[in-house]
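Engineer: Take this structure, written in structure tokens, and hold onto it; I'll ask about it next.
There are 2 protein chains.
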Amino acid sequence: MSAAIKVGVIGLGTVGQGVVRLLKNNADEIARRVGRPLVVTHASVRDAGKARDCDLSGITTLADAMQLAREADVDLLVETVGGISPARELILAALARGKSVVTANKALIAEDGNRVFAAARASGASVAFEAAVAGGIPVIKAVREGLAGNRVERLAGIINGTCNYILTQMQENGTAFDDALRDAQRLGYAEADPTFDIEGMDSAHKLAILASIAFGTPLDYGSVAVEGITRVTPQDIQIAQVFGYRIKLLGIAKRSGKGSEQGIELRVHPTLVPDNTLLAKVDGVLNSVVVRGDAVGEVGFYGRGAGGDATASAVVADLIDLARGLGADARHAVPALAFQPDAVRALPIVPSAEVASAFYLRLKVADEPGVLSKLTAILASHDISVEAILQREPRGHEDANVALITSVIPQHRFDHAVNEMRALPFVREDAARFRVEKFD
Amino acid sequence: MSAAIKVGVIGLGTVGQGVVRLLKNNADEIARRVGRPLVVTHASVRDAGKARDCDLSGITTLADAMQLAREADVDLLVETVGGISPARELILAALARGKSVVTANKALIAEDGNRVFAAARASGASVAFEAAVAGGIPVIKAVREGLAGNRVERLAGIINGTCNYILTQMQENGTAFDDALRDAQRLGYAEADPTFDIEGMDSAHKLAILASIAFGTPLDYGSVAVEGITRVTPQDIQIAQVFGYRIKLLGIAKRSGKGSEQGIELRVHPTLVPDNTLLAKVDGVLNSVVVRGDAVGEVGFYGRGAGGDATASAVVADLIDLARGLGADARHAVPALAFQPDAVRALPIVPSAEVASAFYLRLKVADEPGVLSKLTAILASHDISVEAILQREPRGHEDANVALITSVIPQHRFDHAVNEMRALPFVREDAARFRVEKFD
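Read top to bottom, the protein sequences are chains A and B.
Numbering-wise (full-length UniProt numbering), the first sequence opens with residue 1 and increments by one.
Numbering-wise (full-length UniProt numbering), the second sequence opens with residue 1 and increments by one.
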């Protein structure tokens with residue numbers, strides 16, 4: 001057995017501790033895979049006094065993360081600080097001296113990955129980021145390498161465990177959104193400030209990364225159309241169930257159009273998903289990604305999308321890949337974003353108004369004669385078919401609710417129709433509009 | 001763009017044609033990934049006059065497969081002949097002259113892979129075989145690389161689409177086994193001689209490969225305990241459903257015992273699976289593999305396990321990996337069986353009699369008083385609990401059926417109890433014995 005490969009871990013939070021634990025617990029098996037041991041020799045910690053759930057014996061701890069990135073005698077670095085800055089500067093410092101880096105930092109990769117990867121290429125080092133999407137599920141490797149023979153037609157994923165936990169609670173117990181969120185916070189599934197998760201930005205970061213490796217397009221987080229789950233109600237979840245659907249927060253990337261008209265859709269939104277699909281059945285904090293390739297058809301992946309150990313699983317897999325590549329000619333490596341950097345080509349982003357799907361609509365209406373006939377007349381005038389409709393008798397003094405699912409239409413046509421409906425005197429509110437995806 | 005990478009395809013059956021099609025259809029994207037085009041320049045065909053569903057223009061066809069393997073001016077070879085011989089000799093001939101090979105040949109890898117990989121190492125070439133297990137699902141890569149940080153505790157898979165199709169038909173339509181098999185043959189899902197699929201050998205080949213890369217053990221097809229699906233009846237499927245289970249043919253590899261007592265279970269058999277698990281929901285010709293790692297927890301994969309295009313997807317992914325590695329130092333490559341060859345270590349195989357699980361038992365019994373009391377007394381005397389039991393009133397002159405599910409016990413204890421039951425005068429037949437796996 002040759003000399004150990006020395007690993008520095010920047011940040012000893014949940015993920016950093018998980019990495020230290022995993023490299024110690026499975027040291028023998030990992031050495032049998034790589035041919036050399038992988039040993040954490042350095043770690044940076046902000047608060048040295050804090051109790052940690054890992055054994056730090058044999059590890060030199062530094063208070064200064066930048067010192068670790070710039071100077072420590074290590075072969076590989078793991079960045080688990082998160083956020084854009086100073087994580088970016090730490091990674092760039094490590095790359096500048098030719099050290100390859102593993103990161104779980106989806107925000108940084110999605111928002112400034114193009115710069116990070118260019119810096120890596122300039123120094124002959126690598127940046128690996130399997131842990132940035134869907135935690136322990138090796139979906140980056142699957143899409144980038146395992147499905148590399150395919151032209152990917154679309155992918156869709158439940159890529160935020162917090163939102164999926166909240167929606168599952170709402171589905172199973174009829175809990176209101178706010179209560180389900182508090183429950184998630186109490187269990188540590190949601191942050192004190194949950195905005196990033198529940199407003200869909202975290203999913204959008206992950207989707208931007210997946211889309212880039214699937215389609216060979218540049219990272220383009222800013223083009224993702226994002227809608228979070230704060231407007232989903234138990235009532236809509238329950239009506240969706242009657243229609244044979246479940247409501248999930250999905251990230252969807254899809255090719256659209258043909259030939260020179262070709263573009264891609266990039267969107268994160270609550271989605272009605274048929275209840276007999278795998279995505280509909282993925283509950284709680286689990287993540288799942290389904291990819292459709294022209295040769296392979298539909299391939300699905302599921303597992304834990306977060307948590308120290310699951311994320312550490314992805315970080316250590318990346319470390320093992322990088323350890324094998326130490327000293328190798330970088331030209332033989334898999335490109336970070338699946339395609340050769342000079343072969344990455346932007347495709348037009350389809351504006352949301354043009355993106356076609358079926359739609360779910362729930363209107364609050366006064367309980368009076370002629371309501372349905374006027375609503376359906378408007379839909380017909382926009383050439384929109386009604387695929388499913390539900391109106392139940394209102395209880396007590398409630399308004400009546402009319403819920404329906406349309407045929408597949410571009411959003412602008414749906415919006416025009418809904419705007420006309422809103423102008424009707426008996427329509428109190430358009431209470432919910434969500435996309436429906438059948439994945440057929 | 002540099003010079004094209006030349007690929008030779010040995011055998012132009014369903015998979016070979018799929019590979020030719022895919023490399024042509026997606027030529028531009030594949031070149032953008034690799035940095036060089038991948039072009040099929042040679043193919044061997046037994047019957048040159050046969051119509052094929054792919055464009056052979058620009059491809060030199062040879063009648064002699066061995067000539068292609070030994071002499072053709074190619075960079076990489078694809079073997080799609082199948083079976084042990086002459087596939088093995090063709091691959092060894094290609095490796096002998098330093099050409100790396102992609103194969104979908106599970107029988108060869110499972111039964112003689114150790115020799116094939118040794119030949120590859122001796123010549124500095126590689127053998128890639130993603131397509132050998134679960135068709136288009138990149139499960140080899142996932143287990144070997146994506147989950148490499150984990151100590152794998154167990155894996156279980158539906159890895160034969162023919163059997164899953166037959167069992168699904170039996171489940172959904174109450175079809176008898178023979179009729180479902182004929183149906184599968186008519187649709188091309190089963191061979192004219194279906195023995196290999198329905199008797200479980202095909203699943204055993206795939207399981208042996210998965211187990212080796214998961215545990216770092218040598219390939220050991222001969223040690224897989226195999227039972228096919230021919231004894232599964234619609235009646236057992238229906239009773240299992242009442243108990244909350246579905247019957248699936250699973251390949252299961254599992255660590256068992258602790259410390260020096262450690263061994264592995266390798267088994268293929270019809271299994272009662274709780275109906276709320278992913279495996280229970282994978283129907284028709286689809287495949288699915290679920291892996292449990294110590295860090296990642298449960299990770300699942302599903303997709304098409306067979307068919308020309310899905311299998312070609314895996315073959316081309318391997319070709320892309322090998323194309324990237326052309327000219328690279330082989331010491332940096334991922335070992336074929338995940339672990340360094342000198343670090344592969346055999347673990348004792350747990351004999352079937354010692355393998356513990358819950359069991360499903362159905363007995364045909366005469367309809368007379370005291371039956372249940374005598375049966376349950378025998379179970380109690382062997383310290384076996386009854387977790388579920390069903391007896392329905394017999395119709396007409398039928399024997400009565402008693403079906404039950406036991407607690408988790410080693411098979412020898414179950415067998416002893418069943419043997420005692422068989423000796424009872426009112427027991428006509430032990431009509432079905434299957435293992436139950438709860439995956440908790």
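C-beta: ideal position from N, C-alpha, C; glycine also.
Note that the coordinates shown come from a computational prediction; the quantities given were computed from them, not determined experimentally.
In chain order, what residues of the same chain lie with their CB nearer than 8 Å to the CB of V15 (chain A), ignoring the 5 residues before and after it?
Structural biologist: Once the five neighbours on either side are set aside, the close Cβ partners of V15 (chain A) are T80, A104, A131, G308, T311, A312, V315.
Engineer: With DSSP collapsed to three states, give me the class of T14 (chain A).
Structural biologist: T14 (chain A): helix per DSSP, three-state reduction.
Engineer: In the DSSP assignment, find the alpha helix (DSSP H) that holds H412 (chain A) and state where it starts and stops.
Structural biologist: Element bounds for H412 (chain A): 411-422.
Engineer: Say whether chain A places a C-beta atom closer than 8 Å to the C-beta of F439 (chain B).
Structural biologist: So, not an interface residue.
Engineer: Over the uninterrupted beta strand (DSSP E) stretch that includes V282 (chain B), give me the two end residues.
Structural biologist: Unbroken run through V282 (chain B): none, as it is neither H nor E.
Engineer: Is the beta carbon of V282 (chain A) closer than 8 Å to that of L155 (chain A)?
Structural biologist: No, Cβ-Cβ distance for L155 (chain A) and V282 (chain A) is not below 8 Å.
Engineer: Going along chain B, which residues have a C-beta under 9 Å from G263 (chain A)?
Structural biologist: Correct list: empty, because the minimum Cβ distance to chain B is about 17 Å.
Engineer: Comparing C-alpha positions only, which one of A:F439, A:A328, A:Y221 sits nearest to V273 (chain A)?
Structural biologist: For the residues A:F439, A:A328, A:Y221, the minimum Cα distance to V273 (chain A) belongs to A:F439.
Engineer: Would you decide whether H397 (chain A) is buried or exposed? Buried here means 16 or more other CB atoms lie within 10 Å of its CB.
Structural biologist: Counting Cβ neighbours within 10 Å, H397 (chain A) comes out exposed, since fewer than 16 surround it.
Engineer: Classify N287 (chain B) as buried or exposed, calling it buried when 16 or more other Cβ atoms lie within 10 Å of its own Cβ.
Structural biologist: Buried, by the Cβ-count rule.
Engineer: Hey, how far is the Cα of L92 (chain A) from the Cα of E354 (chain A)?
Structural biologist: Cα to Cα, the separation comes out at about 39 Å.
Engineer: Could you give the C-beta distance for R324 (chain B) and H332 (chain A), rounded to a whole number, given that I count them as a contact under 8 Å?
Structural biologist: Correct: roughly 5 Å between the Cβ atoms.
Engineer: Counting only beta-carbon separations shorter than 8 Å, does I159 (chain A) have a partner in chain B?
Structural biologist: No, I159 (chain A) lies away from the interface with chain B (no Cβ there is under 8 Å from its Cβ).
Engineer: Beta-carbon of L278 (chain A) versus every beta-carbon of chain B: anything under 8 Å?
Structural biologist: It does: the Cβ of L278 (chain A) has a partner Cβ on chain B nearer than 8 Å.
Engineer: Taking any Cβ of chain A, which residues in the segment 12-27 of chain B have a Cβ under 9 Å from it, in chain order?
Structural biologist: Hits within the stretch, in order: G18, V19, R21, L22, L23, N25, N26.
Engineer: Taking DSSP's pairing of strands, which residues face Q391 (chain A) in a bridge?
Structural biologist: Q391 (chain A) pairs with A:V402.
Engineer: On the DSSP letters alone, give me the boundaries of the beta strand (DSSP E) that T230 (chain B) sits inside.
Structural biologist: Element bounds for T230 (chain B): n/a, residue is neither H nor E.
Engineer: Check the DSSP bridge columns for H332 (chain B) and list the partner residues they point to.
Structural biologist: Beta-bridge pairing links H332 (chain B) to no other residue.
Engineer: Look at the Cβ atom of I384 (chain A), then the Cβ atom of S407 (chain A), and state whether they are nearer than 8 Å.
Structural biologist: Their beta carbons are under 8 Å apart, which means I384 (chain A) touches S407 (chain A) by this criterion.
Engineer: Can you round the beta-carbon distance between A343 (chain A) and R32 (chain B) to whole angstroms, since I take them to be within the 8 Å contact cut?
Structural biologist: The Cβ separation is near 4 Å, so the contact holds.
Engineer: Whole angstroms are fine: how far does the CA of V74 (chain B) sit from the CA of T162 (chain A)?
Structural biologist: Cα to Cα, the separation comes out at about 51 Å.
Engineer: How is T103 (chain B) classed by DSSP in three states: helix, strand or coil?
Structural biologist: Correct three-state label for T103 (chain B): strand.
Engineer: Taking 8 Å as the CB-CB limit, is N150 (chain B) close to chain A?
Structural biologist: Yes, its Cβ sits closer than 8 Å to a Cβ of chain A.
Engineer: Measure the C-alpha to C-alpha separation of V20 (chain B) and V40 (chain B) and round it to an integer number of angstroms.
Structural biologist: About 7 Å.
Engineer: Which partner residues does Y360 (chain A) have in the DSSP bridge list?
Structural biologist: Note: Y360 (chain A) sits in a beta bridge opposite A:I405, A:F434.
Engineer: Are the beta-carbon atoms belonging to I405 (chain B) and A388 (chain B) less than 8 Å from one another?
Structural biologist: Their beta carbons are under 8 Å apart, which means I405 (chain B) touches A388 (chain B) by this criterion.
Engineer: Taking just the CA atoms, how far does A122 (chain A) sit from K206 (chain B)?
Structural biologist: C-alpha separation (whole angstroms): 42 Å.
Engineer: Can you tell me where the alpha helix (DSSP H) with L62 (chain A) in it begins and where it stops?
Structural biologist: Note, L62 (chain A): premise wrong, no alpha helix (DSSP H); beta strand (DSSP E) at 60-62.
Engineer: Can you check whether the C-beta of K99 (chain A) is within less than 8 Å of a C-beta belonging to chain B?
Structural biologist: Chain B contact via Cβ: absent.
Engineer: So does the segment 166-184 of chain A actually touch the segment 221-239 of chain A, counting three or more Cβ pairs closer than 8 Å?
Structural biologist: They touch, by the three-pair rule.
Engineer: Measure from the alpha carbon of R36 (chain B) to the alpha carbon of each residue in B:S2, B:Q391, B:R246, then state which is nearest.
Structural biologist: R36 (chain B) has its Cα closest to that of B:S2, out of B:S2, B:Q391, B:R246.
Engineer: From this set, A:L375, A:A240, A:P348, A:P194, which residue's C-alpha is nearest A211 (chain A)'s C-alpha?
Structural biologist: Among A:L375, A:A240, A:P348, A:P194, the Cα nearest to that of A211 (chain A) is on A:P348.
Engineer: Mind reading off the beta-carbon distance from S126 (chain B) to L322 (chain B)? Whole number of angstroms is fine, and I expect it under 8 Å.
Structural biologist: The pair is a contact, with the Cβ atoms about 6 Å apart (cut-off 8 Å).
Engineer: Closer than 7 Å by beta-carbon distance: list the chain B residues that pair up with L181 (chain A), in chain order.
Structural biologist: The premise fails here: L181 (chain A) is roughly 24 Å from chain B at the closest Cβ pair, so nothing lies under 7 Å.
Engineer: Under 7 Å Cβ to Cβ from P394 (chain B), same chain only, skipping five residues before and after it: list those, please.
Structural biologist: So the list reads D367, A400, once near-sequence residues are dropped.
Engineer: Tell me which residues share the same chain as Q241 (chain B) and place their Cβ nearer than 6 Å to its Cβ, disregarding the 5 neighbours each side in the sequence.
Structural biologist: Closer than 6 Å at Cβ, skipping near neighbours: no residue.
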